[in-house]
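When you read off a place in the sequence shown, starting at 1, and then add 768, the result is the number in this note's numbering. Report on one structure; see the data block that follows.
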Amino acid sequence: MRGKLSKTLIHLSLNCVPKQPQRTMASKPLSLESLQKLQKDYYADRKNELAQNVCTRFDPFEVAISRKRTSTALHVYNIKVESEAKPVTNQENSGRCWLFAALNVMRLPFMKKYGLEEFEFSQSYLFFWDKIERSHFWLNNIVSTAKQGESLDGRLVNFLLKDPINDGGQWDMIVNLVNKYGVVPKKCFPESFSSRKSLHMNAILKTKLPLRRQTKKYRKLSTDKSRTPPEKCTLEFYNKEKQYVKMRPVSPKQFYEEYVKPLYNVDDKVCLVSDPRESNPFGHLYTLQCLGNVVGGRETAYNNQPIETLIKAVVDSISGGEAVWFGCEVSKR
């Protein structure tokens, strides 16, 4: 048996030796002579040396901006929202743009109604609950893939494992959070270090996601790095007429239902997109598998329409005095 086993192992070992790649005319190695020629050709053009000097000292994206285009882009509009709210909000080093944009749109009618010169809803409050809900949503997706027999090496499971607790979100995810948890003034739930700079918090939270029994600890970690959400909130202020106003203590959900929803109801809105690919015809509703934040909540849905429809909807909304929540690709600057 030992002799047969040895021969088998030798045979397997020989079969496991990687084959040397066959070289073709198209796969010549990069020689030092080729590199030297490339460098010589590069410096033969003085503009390349100038570009090198500039890009080694300044941001390449900034120096590539066309002055001709920026000087002709005038930000003067004949139609705009009546008043822009103050203060200017800042998401800092986090991916909460979707929450900031939604609450900015929401605060405009609220400020107008109550005569506020400056006001913010708490972005950190919804961010806190999004982390809790999204962890539960992720765990349920993982359980579902196991029940469906999805391969651990498959694209779906890899997608879920790649970035399980990122900061970004969609309109329907905002609807889920607001309807379930309401909103609060920023004074009731101010920013924290981890809401401003979410990278380290997310890294810690990711280590706790794989185990369902860690959900309680996950809730604790989120609270440690933010603060405990208020059970009741109130708002005291002087309006533009210098009149003192005090709203009675209510829960965050009551605050939304009583003071905000009559002015801005998130359920009244739909998300329009424009995907011109032939595979996704206009006039249809689309969704993405496993994209969401609340189990049993509203699915993330996109109403696909021609870009002209989106432009008209934006113009109509702004003409009617209501700001528009929108998302766009900005990472390429």
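From the three backbone atoms N, C-alpha and C, an ideal C-beta is built for every residue, glycine too. On a predicted model such as this, the values are computed, not experimentally measured, just so you know.
Distance CB(residue i)-CB(residue j) smaller than 8 angstroms
| i | j | result |
| --- | --- | --- |
| Asp1043 | Asn1071 | no |
| Ile942 | Trp906 | no |
| Leu1078 | Leu1040 | yes |
| Gly863 | Ser966 | yes |
| Leu894 | Leu945 | yes |
| Gly950 | Gln891 | no |
| Asn1061 | Gly937 | yes |
| Asn861 | Arg964 | yes |
| Trp939 | Lys848 | no |
| Val1140 | Pro1020 | Only positions 769 to 1101 of the chain appear in this structure, which leaves residue 1140 out of reach. |
| Leu928 | Cys1058 | yes |
| Val1092 | Val1082 | yes |
| Pro1017 | Phe1050 | no |
Residue closest to residue i, alpha-carbon to alpha-carbon, out of the options
| i | options | result |
| --- | --- | --- |
| Glu888 | Met969, Pro797, Leu871 | Leu871 |
| Glu852 | Phe1094, Val1098, Glu1090 | Glu1090 |
| Leu1031 | Lys915, Phe878, Phe1094 | Phe878 |
| Glu1009 | Thr1055, Lys974, Lys880 | Lys880 |
| Asp1035 | Leu1056, Phe957, Gln1011, Met874 | Met874 |
| Glu999 | Glu1026, Phe957, Tyr1012, Thr975 | Phe957 |
| Leu867 | Phe1050, Asp935, Asn1007, Phe961 | Asp935 |
| Ala971 | Val1028, Pro828, Glu1067, Asp931 | Asp931 |
| Ser1065 | Phe1094, His904, Arg923, Val1083 | Checking the displayed sequence, the identity of residue 1065 turns out to be Gly instead of Ser. Nearest of Phe1094, His904, Arg923, Val1083 to Gly1065, Cα basis: His904. |
| Phe1094 | Leu803, Phe826, Glu1026, Cys865 | Cys865 |
| Glu1026 | Asn1007, Cys1001, Tyr1006 | Cys1001 |
Per-residue burial, residue i [other beta carbons within 10 Å of its own, 16 or more giving buried]
| i | result |
| --- | --- |
| Glu1046 | exposed |
| Cys1096 | exposed |
| Tyr1024 | buried |
| Ser912 | exposed |
| Pro855 | exposed |
| Arg980 | Per-residue confidence for Arg980 stands at a pLDDT of 49, beneath the threshold of 50, marking its modelled position as unreliable; the derived number appears in the next sentence. Per the 10 Å Cβ criterion, exposed. |
| Asp898 | buried |
| Lys954 | buried |
| Ser975 | Sequence inspection shows Thr at residue 975; the Ser mentioned does not correspond to that position. Looking at its Cβ environment, which holds fewer than 16 other Cβ atoms inside 10 Å, Thr975 is exposed. |
| Phe742 | Residue 742 lies beyond the stretch modelled for the chain, which goes from 769 to 1101, so this question has no answer here. |
| Asp921 | exposed |
| Tyr986 | Interpretation of Tyr986 is limited by its pLDDT of 48, a score under 50 that renders its predicted location unreliable; no figure is taken from the coordinates. |
| Pro997 | buried |
| Glu801 | exposed |
| Val1013 | exposed |
| Glu830 | exposed |
| Thr840 | exposed |
| Val1028 | buried |
| Ser1087 | exposed |
| Gln859 | buried |
| Thr1055 | exposed |
Span of the alpha helix (DSSP H) around residue i
| i | result |
| --- | --- |
| Lys1080 | 1075-1087 |
| Asn970 | 967-976 |
| Asn1033 | Careful: Asn1033 lies outside any alpha helix (DSSP H) and carries neither H nor E. |
| Phe1005 | It is not in any alpha helix (DSSP H) - Phe1005 instead sits in the beta strand (DSSP E) that spans 1001-1006. |
| Thr824 | Here Thr824 belongs to no alpha helix (DSSP H), and DSSP marks it neither H nor E. |
| Glu801 | 800-812 |
| Gln916 | Neither: Gln916 is in no alpha helix (DSSP H) and is coded neither H nor E. |
Bridge partner(s) assigned by DSSP for residue i
| i | result |
| --- | --- |
| Lys1046 | Sequence check: residue 1046 is Glu here, not Lys. Partner(s): none; Glu1046 has no beta bridge. |
| Asn861 | Lys965 |
| Lys1014 | Glu1004 |
| Phe889 | Pro953 |
| Leu1040 | Asn1071 |
Residue span of the beta strand (DSSP E) that contains residue i, given as start and end
| i | result |
| --- | --- |
| Ala1069 | 1069-1072 |
| Ile873 | According to the sequence provided, residue 873 is Val. The question's Ile does not apply to it. Element bounds for Val873: not the beta strand (DSSP E) but the alpha helix (DSSP H), 865-882. |
| Thr1055 | 1052-1055 |
Cutoff 8 angstroms: residue i Cβ touching any chain E Cβ
| i | result |
| --- | --- |
| Lys1008 | The displayed structure is made up of one protein chain only, and chain E is not part of it. |
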